[in-house]
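Beneath this line is the structure, given in structure tokens, with notes to follow.
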Amino acid sequence: MGTRVKQTADRFFRGAVSDAVAAAFSAFTWMLDQKRQGRRVIAVEPDAVPERYSEAVLPGIDEALSSNRWTWLVERPHAWQRQLWIKGRRMRASELVGHMNGNGWSADETARQFDLPVEAVLEAQRYVETDRELIDAETIEEQRIAFTMATAHPPEVASAAPRR
Amino acid sequence: MRLLVDEALASDELMARLRTAGHHVETTEKGVLDAAVWRYAQETELTVLTGNAGDFMAEAQRTPDHHGLLVVYGERDPVKRMRAADIAGAVEHVREVCGEVLRGARLALNEWRHPPDA
Numbered sequence: 004m005g006t007r008v009k010q011t012a013d014r015f016f017r018g019a020v021s022d023a024v025a026a027a028f029s030a031f032t033w034m035l036d037q038k039r040q041g042r043r044v045i046a047v048e049p050d051a052v053p054e055r056y057s058e059a060v061l062p063g064i065d066e067a068l069s070s071n072r073w074t075w076l077v078e079r080p081h082a083w084q085r086q087l088w089i090k091g092r093r094m095r096a097s098e099l100v101g102h103m104n105g106n107g108w109s110a111d112e113t114a115r116q117f118d119l120p121v122e123a124v125l126e127a128q129r130y131v132e133t134d135r136e137l138i139d140a141e142t143i144e145e146q147r148i149a150f151t152m153a154t155a156h157p158p159e160v161a162s163a164a165p166r167r
Numbered sequence: 621m622r623l624l625v626d627e628a629l630a631s632d633e634l635m636a637r638l639r640t641a642g643h644h645v646e647t648t649e650k651g652v653l654d655a656a657v658w659r660y661a662q663e664t665e666l667t668v669l670t671g672n673a674g675d676f677m678a679e680a681q682r683t684p685d686h687h688g689l690l691v692v693y694g695e696r697d698p699v700k701r702m703r704a705a706d707i708a709g710a711v712e713h714v715r716e717v718c719g720e721v722l723r724g725a726r727l728a729l730n731e732w733r734h735p736p737d738a
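Taken in sequence, the protein lines are chains E and G. To convert, note that position 58 of the first sequence is 61 in the working numbering; the numbers rise steadily by one, no gaps. To convert, note that position 49 of the second sequence is 669 in the working numbering; the numbers rise steadily by one, no gaps.
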């Protein structure tokens with residue numbers, strides 16, 4: 004059971020098991036409520052939906068199931084990163100867009116710089132806009148790791164550090 | 621310096637700037653796993669230059685006698701993002717202060733960025 008919950012969390016809730024469990028409980032509660040009202044909870048083909056019905060809404064899951072919207076981006080298993088990567092490359096979509104924006108490159112120029120199809124760059128750009136909060140959070144985590152693990156600092160930074 | 625530039629950083633412009641500055645520069649094959657990149661760098665005595673702080677910092681911790689790790693982390697503020705020119709400049713700054721060999725060192729390259737008027 005634990006493995007299935009984890010798989011569901013990874014697939015639909017960016018690895019957040021608590022969100023997966025909450026969504027499952029919400030769906031169960033909805034079914035229970037329907038039955039208490041004397042209704043039947045069944046599944047029908049899309050072309051056989053009756054005139055009057057109630058439908059369960061599963062936030063996050065319906066969107067994920069209905070959208071194979073990324074052609075050039077993929078998920079990759081990672082301990083804590085959940086943002087998408089460029090397919091076939093060891094490069095996060097946000098890194099590519101960061102280089103593009105930081106250097107002031109066009110999508111065409113970015114594609115040329117990294118030997119990628121321009122469609123991949125444009126898709127990465129769209130993705131970064133849609134997942135901004137997650138990417139920002141993961142950027143902060145990367146910074147924290149880099150700072151805490153650095154063994155040497157430039158003289159101007161080291162000399163400015165507070166002394167104990 | 622002898623550098624292995626991770627594919628997520630290896631723009632044509634950065635590679636050209638590093639070569640022009642006199643560094644020995646290689647990049648990784650597309651899609652190769654972090655562990656393989658790290659292993660190759662250690663076998664060939666290359667300092668890894670990467671934008672992937674989390675994973676490579678962990679590799680470096682596991683192999684304390686490594687050949688150096690230079691990390692460029694992302695910035696939310698577009699003004700603070702490291703351009704190819706900034707990265708090449710920061711590598712130069714590291715070379716000036718630390719020399720050509722970074723055995724066992726882990727550096728956050730963003731800190732080594734030259735000020736604009738430098």
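Virtual Cβ for every residue (Gly too), placed ideally from N, Cα, C. Given the structure is predicted, the values throughout are model-derived calculations rather than measurements.
{"Check": "Would you kindly work out how many angstroms separate the C-alpha atoms of V645/G and G91/E, rounded to a whole number?", "Outcome": "23 Å"}
{"Check": "Ignore the nearest five residues each way along the sequence and tell me which others in D675/G's own chain have a CB closer than 8 Å to its CB.", "Outcome": "D654"}
{"Check": "Buried or exposed: F28/E, going by 16 or more other Cβ atoms within 10 Å of its Cβ?", "Outcome": "exposed"}
{"Check": "Closest by CA to E144/E, which one among E679/G, E712/G and R696/G?", "Outcome": "R696/G"}
{"Check": "Check whether the Cβ atoms of L624/G and V668/G lie closer than 7 Å to each other.", "Outcome": "yes"}
{"Check": "May I ask you to report which of helix, strand or coil DSSP gives R7/E?", "Outcome": "helix"}
{"Check": "For T647/G, report the span of its beta strand (DSSP E) as first-last.", "Outcome": "H644 to T647"}
{"Check": "Rounded to the nearest angstrom, what separates N104/E and Q84/E at their Cα positions?", "Outcome": "22 Å"}
{"Check": "Select from L689/G, H643/G and T648/G the residue whose C-alpha is nearest the C-alpha of R723/G.", "Outcome": "L689/G"}
{"Check": "Exposed or buried, M4/E, counting other C-beta atoms within 10 Å across all chains shown (16 or more means buried)?", "Outcome": "exposed"}
{"Check": "Looking at chain E, is there any beta carbon in it that lies within less than 7 Å of the beta carbon of L727/G?", "Outcome": "yes"}
{"Check": "For the alpha helix (DSSP H) holding R682/G, just list the boundary residues, first then last.", "Outcome": "A673 to R682"}
{"Check": "Using beta-carbon positions only, say whether G694/G and G101/E come within less than 7 Å of one another.", "Outcome": "yes"}
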